[in-house]
Amino acid sequence: MSDFIIAVGHTASGNAGCGVVDRLDESKCTRQIGTLVAEYLQQKGYGVNLLRIDKSNSYNCEDCYERANQANEIAKTKDIKLYVEIHINAGGGSGPEVLVFGKSEVANQYATKVCNELSSTLNLPNRGVKIRDLIVLNKTVMPAILVECLFADSDDADKYDLEIIAKAIVNGLVEDEVSGNGEWKFGWNSNDVGWWYCTDIENKYYYTSQNGWQEIKGEWYIFDDRGYALQNCWYQDKNNNAWYYLDENCKMVRGSKENPLWKWIDNKCYAFDEHGRWIK
Ligand SMILES: [Zn+2]
1 MSDFIIAVGH TASGNAGCGV VDRLDESKCT RQIGTLVAEY LQQKGYGVNL
51 LRIDKSNSYN CEDCYERANQ ANEIAKTKDI KLYVEIHINA GGGSGPEVLV
101 FGKSEVANQY ATKVCNELSS TLNLPNRGVK IRDLIVLNKT VMPAILVECL
151 FADSDDADKY DLEIIAKAIV NGLVEDEVSG NGEWKFGWNS NDVGWWYCTD
201 IENKYYYTSQ NGWQEIKGEW YIFDDRGYAL QNCWYQDKNN NAWYYLDENC
251 KMVRGSKENP LWKWIDNKCY AFDEHGRWIK
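If you want it as structure tokens, here you go:
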């Protein structure tokens, strides 16, 4: 079983590079949450590497570069499933959001699940998955997500509960294998994580990334390594380097011969041709 890297955001409170201090003290919260997430994951049998930089930064964002470097060192000898960095947000908003860089479908799916779990268990608005160009996301070699659990400087702070937050994050991280408790159906199946497509009930065969694009009832789908259809995320096809977008129903977004299809994604409008390729 591969491991997780759990990284706590910022240096320790009071040092240069520490997080926001308001109704919540971010550095203290991230250290509490990160430690508990690691503990819960270990109880479930996962390997965990906990990264935490306590000393002051001597240059801008030093702690971020250090965590990314440490993570990449670990990845030289261990199979790392995902890098998860924990933060508390600031700016007076409300609700969790999870940041990813670029368009890693693995990171994207974990991000969606963690954000949904946090939003539903804390009963706070779901700000969703956002694409951000951040050091710990763009310098790490493995799929990476950055979790902004809730806000330190709004009424969100009243909802801060270490155990609830740590459990929600863990629930978002571990139910990752295709596994319906109930009967599998031929064709589409779903669980909390997403949708998969069974091609042989008896042997429990299903499409994965190995199978490439699949046309099902006139729509195109693509699946991740775990067998889940990509949903609300980008996909770059290595065969032609084109980017595609899979919508909320896991369908490839496509225009027609006459007109491209325009779609708003993360506050930007993108056009797609009749083959689903993003028109740059
Ligand atoms: Zn932060």
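Read left to right, the sequence shown gives residues 1 to 280 (the UniProt record's numbering). Note that the Cβ used here is the ideal one computed from N, Cα and C, for glycine as well. Only a predicted model underlies this, so the values are computations on that prediction, with no experimental measurement involved.
Residue i and residue j closer than 8 Å at C-beta
| i | j | result |
| --- | --- | --- |
| L146 | L99 | yes |
| R67 | L41 | no |
| K113 | V193 | yes |
| N191 | C198 | no |
| D3 | I53 | no |
| F151 | A90 | yes |
| Y65 | I135 | yes |
| A7 | A111 | no |
| W234 | I222 | no |
| G159 | L124 | Checking the sequence shown, residue 159 turns out to be Lys, not Gly. Yes. |
| E26 | G19 | yes |
| A271 | W262 | yes |
| E133 | G92 | The amino acid occupying residue 133 in the given sequence is Asp; Glu does not appear at that position. The answer is no: Cβ separation not under 8 Å. |
| G255 | D237 | no |
| V174 | K44 | yes |
Residue i versus residue j - alpha carbon distance
| i | j | result |
| --- | --- | --- |
| A38 | K217 | 43 Å |
| A229 | Q109 | 10 Å |
| D266 | D247 | 12 Å |
| D155 | D63 | 29 Å |
| K76 | E219 | 39 Å |
| D200 | Y206 | 7 Å |
| W196 | R226 | 9 Å |
| V48 | N69 | 17 Å |
| T30 | G9 | 6 Å |
| Y46 | W184 | 27 Å |
| K55 | V21 | 17 Å |
| L36 | L24 | 18 Å |
| Q32 | G14 | 16 Å |
| K280 | Q231 | 21 Å |
| D224 | E105 | 7 Å |
| N211 | N249 | 19 Å |
| I5 | N259 | 44 Å |
| H275 | N239 | 14 Å |
| I74 | L137 | 16 Å |
Per DSSP, the bridge partner or partners of residue i
| i | result |
| --- | --- |
| V84 | I6, I145 |
| C269 | W264 |
| S190 | W195 |
| residue 286 | Residue numbering for the chain in the displayed model covers 1 to 280; residue 286 lies beyond these limits and cannot be assessed. |
| K130 | L99 |
| Y206 | C198 |
| L173 | Looking at the DSSP assignment, L173 forms no beta bridge with any residue, so it has no partner. |
| N49 | I5 |
| Q236 | W243 |
| W278 | F272 |
Residue i beta carbon near ligand 1 (any heavy atom closer than 7 Å)
| i | result |
| --- | --- |
| H10 | yes |
| G19 | yes |
| H87 | yes |
| E163 | no |
| E26 | yes |
Inset, instruction - Could you tell me whether the stretch 113 to 122 touches the stretch 89 to 96, where touching means 3 or more Cβ pairs closer than 8 Å? - result: yes
Legend entry - the stretch 142 to 157 touching the stretch 82 to 94, judged by at least three CB pairs closer than 8 Å: yes
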